[in-house]
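Undergrad: Could you have a look at this structure, given as structure tokens, before my questions?
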Amino acid sequence: MAKMELWKNKALGRLLTALGQIPVDRWQTDTGAIRQCIALLRDGHRLVIFPESHRGKGDFENFKRGTAYLAMVTGAPVVPVALVGTAVGGTGLKSIPGPGQFIDVVYGRAIAVEAQEWPRTAGEVTELTERLRTICAQHVQQARRECGPGTAP
């Protein structure tokens, strides 16, 4: 999944589509993208989702409900992944690591989520969202400890 703004550049949009990316509108509920994701997960494919809709500080303060919803609909497990060392000071593109800098990718244990039939209540989605947020935040903290001092998500 990638923000739909990237498709404004036609060449980049074609490349992203060829690589299997799904354009998603981050500013409203994108039912088309949700349907595509559900179909892929039900067919056994994997998705990479940044649950805050962007690269965050690792505290998951703005953890969106989409990850929980997709897991509830499909029963797909959620695997926390910490990308440690991606922020090196600055903001925006200036914070992208330069040549010779390392990024650690730390995988957590899969979180089993049982598929829930319709209807799924907003409360159930919110409850799972909070559970996933807590586990993911703990995973990032553990990954930082394992990767050493001075690393940031």
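End of the sequence shown sits at 1618 in this note's numbering; the numbers just go up one at a time, nothing left out.
Don't be surprised by glycine CBs; every beta carbon is placed ideally from N, CA and C.
Can you check the segment 1504-1540 for any alpha helix (DSSP H) of at least 4 residues that lies completely inside it and give the ranges in chain order?
TA: With a minimum length of 4 residues, the continuous alpha helix (DSSP H) runs that stay inside the segment 1504-1540 are 1531-1539.
Undergrad: What is the DSSP secondary structure of I1600, reduced to helix, strand or coil?
TA: Of the three classes helix, strand and coil, the one that applies to I1600 here is helix, per DSSP.
Undergrad: Tell me, please, which residues DSSP counts as bridged to P1488.
TA: A1467.
Undergrad: Just list the residues that DSSP pairs V1549 with in beta bridges.
TA: DSSP output for V1549 lists D1569 as bridge partner(s).
Undergrad: With a threshold of 16 other CB atoms inside 10 Å of the CB of H1604, please say whether the residue is buried or exposed.
TA: Classification for H1604: buried.
Undergrad: Counting pairs of beta carbons, one from the segment 1532-1540 and one from the segment 1500-1508, are three or more of them closer than 8 angstroms?
TA: Segments in contact, yes.
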